[in-house]
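Student: full-length UniProt numbering applies: residue 1 is where the sequence shown begins, and numbers increase by one.
Cβ atoms here follow ideal geometry from the backbone N, Cα and C, with glycine treated the same way.
If you're wondering where the values come from, they're calculated on a predicted model, not measured in any experiment.
Please see the structure below; I have some questions.
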Amino acid sequence: MTVGLALAAAPSTVTTALSTPGRGPAEVSMPAPRRPGRTVVALHGNLDIAAAPALREHLIGTLRHSARIMVVDLSEVAFCDTAGLAVLLGTQRRAQRLGVTLSLAAPRPQVAKLLRVTGLERNFTVHAGLYPVVQARTGLAA
1 MTVGLALAAA PSTVTTALST PGRGPAEVSM PAPRRPGRTV VALHGNLDIA
51 AAPALREHLI GTLRHSARIM VVDLSEVAFC DTAGLAVLLG TQRRAQRLGV
101 TLSLAAPRPQ VAKLLRVTGL ERNFTVHAGL YPVVQARTGL AA
């Protein structure tokens, strides 16, 4: 079992179905922080134009109550288009204004390539996996 699946199965997780026409449902899972000072948001499915409005609403809502570090787990994201990237970029800008550090973790090859070819990998802190990010020390008192 991967860390992403364990987080999605946490009892305090709120899951909202997002309809993605022609591609089936996508889910946005919002687990409670796994460690002091960190909020992990596990995304599942497609981050596309159909899912963007609900995704934006959920990420901004989570950001308002986030710990000082918010990690977006992309390990179960099968597809991302420019609308999905725009939501992630907008969330990062809001995070900066709130003093929250936002990072992306475990993107699949398609999402990693999209970040690279658009040049957005320079705008985000992108971690190859989720486990080291979740387990890292925050520098915050527990």
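(1) Considering only C-alpha positions, which residue in the set Leu-43, Leu-89, His-65, Leu-74 is nearest to Arg-108?
(2) Which residue's Cα is closest to the Cα of Leu-104: Thr-82, Gly-129, Gln-96, Gln-110?
(3) Since Asp-73 sits in a beta bridge, which residues does DSSP pair it with?
(4) Quick check on DSSP: helix, strand or coil for Ala-67?
(5) Alpha carbon to alpha carbon, how far is Pro-25 from Ala-78?
(6) Would Gly-90 and Ala-67 be called neighbours here (beta carbons separated by less than 8 Å)?
(7) According to the Cβ coordinates, are Val-87 and Val-40 closer than 8 Å?
Tutor: This is what the structure holds:
(1) Your numbering for residue 108 matches position 108 in the sequence shown. Looking at the Cα atoms, Leu-74 is the closest of the given residues.
(2) Looking up residue 104 in the sequence shown gives position 104. Selected option, being the one with the closest Cα: Gly-129.
(3) Start at 1 with the first residue of the sequence shown, and residue 73 comes out as number 73. According to DSSP, Asp-73 bridges with Ala-42, Ala-105.
(4) Reading the sequence shown from its first residue, position 67 is the one you call residue 67. It is coil, neither helix nor strand.
(5) Position 25 of the sequence shown, counted from the start, is the residue given in the question as residue 25. Position 78 of the sequence shown, counted from the start, is the residue given in the question as residue 78. In this prediction, Pro-25 scores a pLDDT of 46, lower than 50, which makes its location untrustworthy; the coordinate-derived value is nonetheless stated afterwards. When rounded, the distance between both Cα atoms is 12 Å.
(6) Counting from 1 along the sequence shown, the entry for residue 90 is found at position 90. Counting from 1 along the sequence shown, the entry for residue 67 is found at position 67. No, Cβ-Cβ distance for Gly-90 and Ala-67 is not below 8 Å.
(7) Residue 87 sits at position 87 when you count from the first residue of the sequence shown. Residue 40 sits at position 40 when you count from the first residue of the sequence shown. Not in contact: Val-87 and Val-40 (Cβ atoms no closer than 8 Å).
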